[in-house]
Amino acid sequence: MIINKKENIMKNIRIIALFIFAMHLYGCQDDFLSPAPNSAISADAFYTNDIELEAGVVNLYDGIQGINSTVTSDLHGIQIEYQVTEMRSDNTRTKSGEGEAAQFESYTVEATNGVVADYYASFYNIIFRANTILANLENASESKAAQFEGEAKFVRAYAYFNLVRLFGDIPLATEVIAPTDEVTAFTRVATSKVYELIVSDFNTAIDNLDNSYKNRASKAAAQGLLAKVHLTIGNYTIAQELLEEIITSNEFSLETNFKDIFYSEGNDETIFAIGYAADNSNDSQNFSAEWLNSVGRSSGLNYVTSDVRAAFATYGGTMRSEYSFRLDAAQTTQYQVVKYLPNGDEVLGIDPTSGDPTLAGNDWIILRYSDVLLMHVEAILAGRDGPITNSDALASFQAVRNRAGLTTLVASISKQDLADERRVELAFENHRLFDLIRLGLAESVLGAFATANGFSFTANDLLLPIPQREINLSKGALSQNPGYN
Amino acid sequence: MKNILLLSKDHQKHIFVMMLMVLNVMIITPVFAQDIKISGVVNSEDNEPLPGVTIIVQGTTAGTVTDINGNYVLEVPTDAILDFSFIGYLKQSIGVNGRTTIDLTMEPDIEQLDEVVVIGYGTQKKSHLTGAISKVDNKNIDQIPTSRADQAMVGRVAGMNVQNSNPEGVGGAPTIQIRGVGSITGGSGPLLVIDGVAVDSEFWTNIDMNDVASIEVLKDAASAAIFGSRGANGVVMITTKTGESGKTKFAYNGFYGWQDVQNNPDYNTSVADGMAAERAANGELSPRSRYKELIGVDNNWQDIIFDGGNTQSHTISARGGNESTTFSTAMTYAHDEGVLLTDDFKKYNLKAKIDTKVNDDLSFGVSLNPSYTERRRFDGSTHDILRQTPWLPVYHDENTIQYVDRTVYPDVEVGDYALQRHFDNYDLDGDGTLIDISNTSNTNPAAKVLERDRRDFQFKLFGKFYTKYKLSDNFSIQAALSGDLQNTERQRWQGVESSRNGASGASLAVNNENKVHVVTQGFLNYNQTFGSHEFSATTGVVAERYKEKYSNVSGTGYEFDFVPTLDAAAEASAWGSFEREKRLLSFIARVNYSFSDKYLASISFRRDGSSVFGPDNKYGNFPAVSVGWRISEESFLAGSSVINNLKLRASFGITGNDQISTGNRLNDWYSPTALLSSRTAVVGGSTATAFNPQNIANPELGWERSIEFNPAIDFGFLDNIISGSVDYYKRTSDDLLLNVDVSGVTGFNNALVNIGEVTNEGVEIELRTNNIRTKKFRWTTTFLASRNKNTLTDFANSDGLIQSVDEKRAAEWISSVGHPISSFYGYVVDSEIPLEYLNDAYHPIGGQAQDVYVRDLNGDGVIDDGDKTILGSPYPDFIWSVTNTFTLGDFDLSFMFQGSHGAEVRNMGDQYLYNHFNSSQDFDPAITPDQEFIREKIFTNSIVQDASYIALRNLNLGYNFPSRLTSKIGMTSARLYVSGSNLMYIKGDNYTGFNPESLTTTSPTTYGYQRAGAPIARSIVTGVIIEF
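Chains Z and R, in that order, give the protein sequences.
In the numbering used here, each number is its position in the first sequence, counted from 1, plus 8.
In the numbering used here, each number is its position in the second sequence, counted from 1, plus 4.
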């Protein structure tokens, strides 16, 4: 009996020992709990050589391109820019005057507006992508480092230039910041400081880049955008020098046919454009569809105002009018933008760019040569009302008019002449609001436009509200722009 | 030894080691006394067969339950002592003494509650339970006409809230919460465990209620801690039926019935009512309104979209076996047509379970449960479909065709879908004035539903292989390999006529999901009794591997509707694929102890390692301890005629949560690292590869933890005429996993962190009464109620976090310490804007202003953020159910009322169904006073509505044919029943939507968002159960 019990105990101990041994087998697998992701790369070990950095640089343009979706939490990048720029000018409006998008045309933008939050987040995301490249530049080969730095700084400057013009004083992240860095995220830096970075970044881009690309940053694109920066902050002489460098490089020219600027991609007039590919949800855009009658998600955005049609009638000429807007076939009291049509127009001889209009392939032009020529005039005008008769200015101005078929010689140019010409030449390309502000005409022109349309406009409406989301997150640390609550 | 648990060479080696171990033990283990098979009949005191009597071999947890005729069969050692027990009857202990037949008459007494309850990785006598575990009685649940087993759980367990929240029609998952929301990651539903193995919650659709032996819900942390990392939201354990040796028993349970919905008068519009209101106010109709009347159509779109449908279910089972091997098989076909236009759910389910004893010591078994479901969703949302106007016909007829604007729509014919735009530009008075009446460019609402086809084809398989080996009298070893597999193909076809864009809007999207979850587990069990000391202990290892693959392709460019295949597409417009893997490794130990059946204690420990956390935080420890005192077993209460059962128990435990749900499934399983996903951008006229950062890395990311204290009392009075329990609990969850909003300046809008602390505190009552208990008539009542208070007690830097669900409709939620995790936030309505200030108050029909005057709460004369306040809580604070069961001779009737109170929802449906968007409903800025006090309704409490309800959840009336009749036709039993669901449903007064339970899936910090919801189905079926 005693022996039996002892045996039993010994056996039990053996059982337990075996089991502990078995458990140990499981426990010693350290890497069992660290499966590697197969469908993505861990960022820790990336950006180590030129090839990887190149993929990161391409990603900068993916950021500007934005996501083609109707998911409100996605970052849509430049695809929604027309709402916060053109639709706040006297050029366009919603077709129906309904919904959140109508806040822009009626100068009743709310701090909770989702498009404003989308644009803000999109462009800081672009800045983050650029800062990521800059943080890893030491891993680039000597031959590529300058190009990567130039492209990253170009993109960062471009993003800040848009943000500072739309929001005024803004948070300034010059490197990748952690969520815990609330000081950077919630401190509004004076516009002059932001412009210092923009100027410096564009100058680096000019030094480091050449003109190899149209869908990527180039020297000429940096020169042109930097010139616009200098026009904005009043450095007209520097602006003129930059623009004349582009003009004298002879690398760009005006397209003979106004239509071809938009429907013959990669043309000589285009200096910098964001590329899109049709019928491919990863690389297409949907703003073209939103501008039509109930083809996109909305019932129709960026519809043409009667005000801009009147301007076309007076200053635009037939060719530019024809390829800038058309009658809406479905609602014959309304007019649509013709630049960037996704589904073509048989009458105008424009072929569809995609099978599904919401997956449009039309590139978005950020800078083209006629903009450069008109900026050249603006630099020479140097903030004066004019008229001026400077022959260089007249030559640039006349070139743009000639291409539009308006060959009557212009003898002098006033600021108003320039504003009118820019309006019809660059209509619906997101320039009008910034032009009016830069030329000091915004308050008078938009004030009159608002009154005529039953809206109430004040100078406060020239800046967008800081998104309520950011104000909420900062718990009051971020101040709101005047006129918003 | 990498990847040891895969079916790789390493794995084979591992199995080999395990087999060696088993062999080794077999050699050293002596053979024990031979088991014999024993059977018999158990009758009640009045000689009626007594089904459900538990028979346990004393000193073990082995046992069985008598069937409907009181029969039982059991294999026991020749010298075993059997404990027979049943609620309301005295427990009897009978020595087998070599007999093979023991018939028994139970004597009524109510001292014993010795049911066996399934607990995590084991079983326990109910009388010895020290945690909060509710056992669900499967009586008649298999007769409830629901398409999913989880929907039948409504009102079954105190503290378990089941909401019919899915907006896409039949087959959609409800929202389940046990004891409130402790987690804020999105994964706040309980863990589902089938036959001891944790499975994905999708497997609720694999469960056939006919095949369920018992359902146990582990509510407190001490009970759930044995599931460690996944126990924080409670655990639902389902045990399926096992065959019994003896004659093979066949059974059929089938029902067929019909269902519909009650129309919602709040969202009913009609041309007649609209015109009447306008005439009453203005004395005449505007030209637009006269035109609407002229068209002569007055549709109620609810009647068209809520089309009702049939529902049916058929199950055949066969169970039986011989002395060494038993089997249980079942097959189910169910078809539920849903109550919405096009929604449909078909299910084919198969189950086979075999258990065999090789000898007295070694047994093994295998269980396989494949199922195939086909679900057609209601592709759309009620808010979108039903907002259209009553004057619009579905199709054009000879009358309506005459109003079509032929300039814009020259090709529209009779029989085509009618669009609102067709009716624009009509010269009503022949004076050349053209009238527009459309308020949307959308296609016909019926076309939106009928011309789309969205289906989920899902194949699921649950399989388990186990072996048990009895090492000695005290030790046994158990090893199991199990797996669950899900293969889902989702297809979404949008036909040529489904959108206003015609052929260019047609598309087919195909998504494939392939999920495999493999579990290997090994356990060592120990049972020992020394005098009055009873020990049972369990220790083991569980390793789990989840591997999931996803892919999708979309095609566009369809000219025709004929062939909705990818081949017919002109373009592939979107594509993608990814896979992810997650692993868990767990070490488990538990000791249960009882002294003299009076003093009870349980201690458990689980250490979990999860691959989803950072290198230094992979492991979490989850201990639990619980104690109990059965006062009724003390000598001073022995023989008391008043108190027949009284137990005090208290538990304390820690559970964890590793469910991360940020919306990016790839990142969720690799959150400590920053991931770069592959993208493309168009540069230089062609697409080039880009790599884009997806998330902000958080290498510190670790376990979310819940600590729960749960004192309780179980009682039975007056021969169990009144019995039940009261539980108090307080659960504190901290280090919550939150995908917190961060400034966009970081480049991201969210970052995953461990943050904050939330408590759920509450009381649960379960009360069962035997009101009348005579030979012919019985009436019992079950009352379940729970109160829960959810409080955010710490939110670090994020205290006061304001979030919104949809940037376009940015209604706000606040997470503020001292309040629930999320509260509705915004302005308080002061008054409606008088109709005379609106542009056109009577267009569109049923339209309402989108704006409202709000209150200047802080009295500073301006409306700004300072005037926002908390507008309500999305969490119910009181849920309850009352079930009454009557038995009169061969008839029985039971019905359950169930209710929920104290929650609100933010019903964005108002904005759509009342046409808030329409500019006709805007105020005229030229004449409207006090415009600075006007805000959009969606930012106010105007759409924060009472989500309370009281429902007659189910009703079951049955007739059991007497055995003298059934035996003549070879049946052992036959039952005929009528079963109904939601025959009565009362909503809160100010709730305007279709379903107060409906929820759009959002984060717990923006909980309680809905867009009118899909209505609750009201169904009635008749069924039959036959056994032979």
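From the three backbone atoms N, C-alpha and C, an ideal C-beta is built for every residue, glycine too.
Small disclaimer: the values here were computed from a predicted structure and weren't measured.
Against chain Z, the CB of residue 584 of chain R has a partner CB under 8 Å away; the residue lies at that interface. Only those residues of the region 215 to 229 of chain Z whose C-beta falls short of 9 Å from the nearest C-beta of chain R are listed: 220, 221, 222, 223 and 224. Taken in chain order, the complete alpha helix (DSSP H) segments of 4 residues or longer contained in the region 147 to 229 of chain Z are 150 to 175, 190 to 193 and 199 to 216.
What residue 575 of chain R touches in chain Z, judged by beta-carbon distance under 9 Å, is 286, 287, 288, 362, 363, 364 and 367, going in chain order.
Residue 662 of chain R sits close to residue 617 of chain R, with the two beta carbons spaced by under 8 Å. In the three-state reduction of the DSSP assignment, residue 289 of chain Z falls in the coil class, being assigned neither a helical nor a strand state. Residue 1013 of chain R and residue 1003 of chain R do touch by the CB rule: their CB atoms are close to 7 Å apart, below 8 Å.
Sequence-distant partners of residue 325 of chain R (beyond 5 residues in either direction) whose C-beta falls short of 6 Å from its own C-beta, in its chain, are 247, 249 and 331. In the structure shown, the three-state DSSP call for residue 317 of chain R is strand. Here DSSP, grouped into helix, strand and coil, assigns residue 475 of chain Z to coil.
By the C-beta density criterion, residue 427 of chain R is buried, having at least 16 other C-beta atoms within 10 angstroms. As a beta-bridge residue in DSSP terms, residue 687 of chain R pairs with R:690.
Here residue 339 of chain R carries a strand assignment [DSSP, helix/strand/coil]. The residues 584 and 616, in chain order, have a CB closer than 8 Å to that of residue 674 of chain R in the same chain once the five nearest residues on each side in sequence are set aside. Under the Cβ distance rule, residue 144 of chain Z does not count among the residues neighbouring chain R, no pair being separated by less than 8 Å.
Residue 486 of chain Z is not a Cβ neighbour of residue 131 of chain Z, given a cutoff of 8 Å. Distances from the alpha-carbon of residue 392 of chain Z to those of Z:405, Z:365 and Z:426 put Z:426 closest. Exclusion of the five residues before and after residue 461 of chain R leaves 378 and 493 as the residues of its chain whose Cβ lies within less than 6 Å of its Cβ. If one requires a minimum length of 3 residues, the beta strand (DSSP E) runs lying completely within the region 235 to 288 of chain R are 239 to 244 and 250 to 264, in chain order.
Of all residues in the region 148 to 174 of chain R, none comes within less than 9 Å of chain Z when Cβ atoms are compared.
The distance from the Cβ of residue 346 of chain Z to that of residue 353 of chain Z is about 7 Å, consistent with a contact at the 8 Å cut-off. Annotation note: the region 823 to 883 of chain R contains no uninterrupted alpha helix (DSSP H) run of length 4 or greater.
Only residues of its own chain outside the window of five on either side were considered, and among them 360 have a CB closer than 6 Å to the CB of residue 329 of chain R, listed in chain order.
Nearest CB-CB separation between residue 69 of chain Z and chain R: below the 8 Å threshold. Not a single CB atom of chain Z sits nearer than 8 Å to the CB of residue 828 of chain R. Here the alpha carbon of residue 695 of chain R sits roughly 42 Å from the alpha carbon of residue 877 of chain R.
Counting other Cβ atoms within 10 Å of its Cβ, residue 537 of chain R stays below 16 and is therefore classed as exposed.
The C-beta of residue 466 of chain Z comes no closer than 8 Å to any C-beta of chain R. Using a CB distance cut-off of 8 Å, residue 194 of chain Z counts as an interface residue toward chain R.
Distance from the CA atom of residue 701 of chain R to the CA atom of residue 49 of chain Z, rounded to whole angstroms, is 13 Å.
Excluding sequence positions up to five before and after residue 96 of chain Z, its CB lies within less than 6 Å of the CB of 112 and 441, all in the same chain and listed in chain order. One Cα belongs to residue 74 of chain Z, the other to residue 748 of chain R, and the distance between them is close to 15 Å.
Counting the other CB atoms within 10 Å of its CB gives residue 193 of chain R a total of 16 or more, which places it among the buried residues.
Residue burial annotation: residue 52 of chain R is exposed, with fewer than 16 other C-beta atoms found within 10 angstroms of its C-beta.
DSSP places residue 330 of chain Z in the uninterrupted alpha helix (DSSP H) bounded by 326 to 330. Just so you know, the alpha carbons of residue 57 of chain R and residue 732 of chain R end up roughly 31 Å apart.
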